[in-house]
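Chains as they are written, first to last, in the numbering used here: chain A, 704 to 967; chain B, 1320 to 1582. The beta carbon of each residue, even a glycine, is placed where N, CA and C say it ideally should be. All of these numbers come straight from a predicted model, not from anything done at the bench. Notes to accompany the following structure.
Here's what the structure looks like:
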């Protein structure tokens, strides 16, 4: 366990050193992050400039979903995506056979594939996301109590685990079709997580909660913050996240067994 | 001008892009989602009533047309132009016995064809399931065609002059990203421009971004007519002239400044 923690520390150090070589990129990524957050917040503001509530969602609650979306997205960009994406695509490790060198390391391959690369600039997005979340919490009808915060943290953890599981599963599919960018499909669908799943039509709501678990990732944590989540839904999302994680791990390992380097 | 060679280049680019159509379909899929999100959000908000004068079906029609117009006017070529200048590939473009504009035009046309093969059927399926209400008169359709063509030219040239800044700065891509964000906010994607509040709405009407996407959509969905239509076209052509002028100046000075990699 200690060894794994040391490894993560070393990975972070190496990534920070790499990124510091491109300091001018910091300003540009700061600008991107601010624009991204600003368009998101303004989009919500324009909607609630026209209507008071939509299917029971008001400005504060919808803003909370956006806050969770930005925060989760920042954590994804911080480590999950940079690490996992190195495997996929035409110049990814699976296609080119560079995964050989990764497999030779005396560490668990799933661990290594998930935490290898860090993108420290994503910390800016994290700060902005948390900022939106705090601003949203202040606008909620009932200020969140300690119980709500606890429920929020549990739901947020479950959502993050579900997000990681889905991304891992999509990367696992890379072993069957190395050139296809499965994660792009998910990135497209994940944009739907900006808004509460309740704002989508019925058939989509079901798909977005249970098939592509966008609902578990952003809507449920925001509802927990507002105190609208019963123990049933909370337990359900934790169970779903753990189930997804187990399934994704199995898929990833099955894919790994198919790997035959760059030869055919 | 060697037009026959230019046409051959366009056909070659188109053929090579079709080979990688899976990749381009994925890109088009990703670009379709944001307007689709707002389609669902606004049509849910309207429900059985209207919001800002739009009924549910009218929101659906507005956003379905917007998905098509957005894809048709999106000039991804401009990202390539920046890369070509930075990477030194521009030397090759300049050595061809063709106007360099043909290189840009060829990937622009190839892109439109490949993306439309994906976007049109998907939009058609959405139209069948979501039941849009489109009341377009013949006059609207006739006004839509030039509005769409000018919108494409404006969005293309506006991005092109931004991309040409790569002759002087390696970071010009950042400006393209800013343009994308502004188009997203002010060109009628987040909400139809008529629903934007106060300052934001006035800014949207004055700045060029609405005339790149939102304006043709509004024309086809029958939201603008009479003097508004005339003012809209005047703004569109005015901004187009500005973009054309900037492109002309930046291209002439840029090519003289250009020294490939290592200069």
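Chain B within 9 Å of residue i, Cβ atoms only
{"i": "residue 898 (chain A)", "result": "yes"}
{"i": "residue 784 (chain A)", "result": "no"}
{"i": "residue 887 (chain A)", "result": "yes"}
{"i": "residue 921 (chain A)", "result": "no"}
{"i": "residue 741 (chain A)", "result": "yes"}
{"i": "residue 754 (chain A)", "result": "yes"}
{"i": "residue 775 (chain A)", "result": "no"}
{"i": "residue 890 (chain A)", "result": "yes"}
{"i": "residue 738 (chain A)", "result": "yes"}
{"i": "residue 824 (chain A)", "result": "no"}
{"i": "residue 727 (chain A)", "result": "yes"}
{"i": "residue 932 (chain A)", "result": "no"}
{"i": "residue 884 (chain A)", "result": "yes"}
Local conformation of residue i per DSSP, three classes
{"i": "residue 777 (chain A)", "result": "helix"}
{"i": "residue 824 (chain A)", "result": "coil"}
{"i": "residue 883 (chain A)", "result": "coil"}
{"i": "residue 1456 (chain B)", "result": "coil"}
{"i": "residue 1510 (chain B)", "result": "coil"}
{"i": "residue 732 (chain A)", "result": "helix"}
{"i": "residue 878 (chain A)", "result": "coil"}
{"i": "residue 1398 (chain B)", "result": "helix"}
{"i": "residue 1361 (chain B)", "result": "helix"}
{"i": "residue 1374 (chain B)", "result": "strand"}
{"i": "residue 1369 (chain B)", "result": "strand"}
{"i": "residue 944 (chain A)", "result": "helix"}
{"i": "residue 816 (chain A)", "result": "helix"}
{"i": "residue 888 (chain A)", "result": "helix"}
{"i": "residue 1327 (chain B)", "result": "helix"}
{"i": "residue 915 (chain A)", "result": "coil"}
Minimum C-alpha distance to residue i - residue among the options
{"i": "residue 1387 (chain B)", "options": "B:1339, B:1336, B:1463, B:1408", "result": "B:1463"}
{"i": "residue 786 (chain A)", "options": "A:742, A:714, A:807", "result": "A:714"}
{"i": "residue 788 (chain A)", "options": "A:926, A:877, A:939", "result": "A:877"}
{"i": "residue 833 (chain A)", "options": "A:736, A:904, A:718, A:938", "result": "A:736"}
{"i": "residue 759 (chain A)", "options": "A:946, A:900, A:709, A:960", "result": "A:900"}
{"i": "residue 784 (chain A)", "options": "A:871, A:750, A:939", "result": "A:871"}
{"i": "residue 886 (chain A)", "options": "A:932, A:903, A:904, A:867", "result": "A:867"}
{"i": "residue 768 (chain A)", "options": "A:904, A:891, A:842", "result": "A:842"}
{"i": "residue 741 (chain A)", "options": "A:922, A:773, A:858, A:960", "result": "A:773"}
{"i": "residue 1284 (chain B)", "options": "A:915, A:954, A:745, A:918", "result": "Examination of residue 1284 (chain B) is not possible in this model, given that chain B is present from 1320 through 1582 alone."}
{"i": "residue 1568 (chain B)", "options": "B:1521, B:1486, B:1548, B:1429", "result": "B:1486"}
{"i": "residue 1433 (chain B)", "options": "B:1575, B:1338, B:1546", "result": "B:1338"}
{"i": "residue 1325 (chain B)", "options": "B:1440, B:1419, B:1445", "result": "B:1419"}
{"i": "residue 1481 (chain B)", "options": "B:1506, B:1576, B:1496", "result": "B:1496"}
{"i": "residue 881 (chain A)", "options": "A:839, A:955, A:926, A:796", "result": "A:796"}
{"i": "residue 1540 (chain B)", "options": "B:1381, B:1570, B:1469", "result": "B:1381"}
{"i": "residue 822 (chain A)", "options": "A:863, A:779, A:739", "result": "A:779"}
{"i": "residue 928 (chain A)", "options": "A:751, A:770, A:709", "result": "A:770"}
{"i": "residue 728 (chain A)", "options": "B:1489, B:1556, B:1547", "result": "B:1489"}
is_contact[residue i, chain A] using C-beta, thresh 9 Å
{"i": "residue 1357 (chain B)", "result": "yes"}
{"i": "residue 1401 (chain B)", "result": "no"}
{"i": "residue 1583 (chain B)", "result": "Within the shown structure, residues of chain B are numbered from 1320 to 1582, placing residue 1583 (chain B) beyond reach of any answer."}
{"i": "residue 1363 (chain B)", "result": "yes"}
{"i": "residue 1440 (chain B)", "result": "no"}
{"i": "residue 1582 (chain B)", "result": "The pLDDT assigned to residue 1582 (chain B) is 44, lower than 50, so where the model puts this residue is not dependable, and the model offers no usable value."}
{"i": "residue 1436 (chain B)", "result": "no"}
{"i": "residue 1465 (chain B)", "result": "no"}
{"i": "residue 1527 (chain B)", "result": "no"}
{"i": "residue 1577 (chain B)", "result": "no"}
Classification of residue i by the beta-carbon crowding that lies within 10 angstroms, buried from 16 upward
{"i": "residue 1401 (chain B)", "result": "buried"}
{"i": "residue 1321 (chain B)", "result": "exposed"}
{"i": "residue 809 (chain A)", "result": "exposed"}
{"i": "residue 943 (chain A)", "result": "buried"}
{"i": "residue 720 (chain A)", "result": "exposed"}
{"i": "residue 850 (chain A)", "result": "exposed"}
{"i": "residue 1393 (chain B)", "result": "buried"}
{"i": "residue 782 (chain A)", "result": "buried"}
{"i": "residue 820 (chain A)", "result": "buried"}
{"i": "residue 1411 (chain B)", "result": "exposed"}
{"i": "residue 766 (chain A)", "result": "buried"}
{"i": "residue 1582 (chain B)", "result": "Confidence in residue 1582 (chain B) is poor, its pLDDT being 44 and thus under 50, which makes the residue's placement too unreliable to answer from."}
{"i": "residue 1457 (chain B)", "result": "exposed"}
Practice task
Pair every Cβ in the region 1365 to 1380 of chain B with every Cβ in the region 1508 to 1522 of chain B, then say whether three or more of these pairs are closer than 8 Å.
Solution key: Three or more Cβ pairs closer than 8 Å define a contact, and the region 1365 to 1380 of chain B meets that threshold against the region 1508 to 1522 of chain B.
Handout entry: Near-chain D residues of the region 1488 to 1516 of chain B (beta-carbon distance less than 8 Å), N- to C-terminal order
Key = Absent here is chain D; the protein component of the structure consists of chains A and B.
Practice task
Report yes or no: do the region 1396 to 1411 of chain B and the region 1453 to 1470 of chain B share at least 3 C-beta pairs separated by less than 8 Å?
Solution key: The region 1396 to 1411 of chain B vs the region 1453 to 1470 of chain B: no contact.
Exercise for the section: Report yes or no: do the region 1527 to 1541 of chain B and the region 1465 to 1481 of chain B share at least 3 C-beta pairs separated by less than 8 Å? Expected result: These segments touch.
Exercise for the section: Check whether the region 1333 to 1353 of chain B touches the region 955 to 964 of chain A, taking contact to mean three or more Cβ pairs, one atom from each stretch, closer than 8 Å. Expected result: Between the region 1333 to 1353 of chain B and the region 955 to 964 of chain A, the count of C-beta pairs closer than 8 Å stays below three; the two stretches do not touch.
Exercise for the section: Indicate whether the contact test is met: 3 or more Cβ pairs, each with one atom in the region 1345 to 1365 of chain B and one in the region 893 to 912 of chain A, closer than 8 Å. Expected result: Verdict: yes, contact present.
Exercise for the section: Evaluate contact between the region 1323 to 1342 of chain B and the region 1415 to 1434 of chain B, counting only Cβ atoms and requiring at least three cross-stretch pairs below 8 Å. Expected result: With a cut-off of 8 Å, the region 1415 to 1434 of chain B and the region 1323 to 1342 of chain B count as touching, because enough Cβ pairs lie within range.
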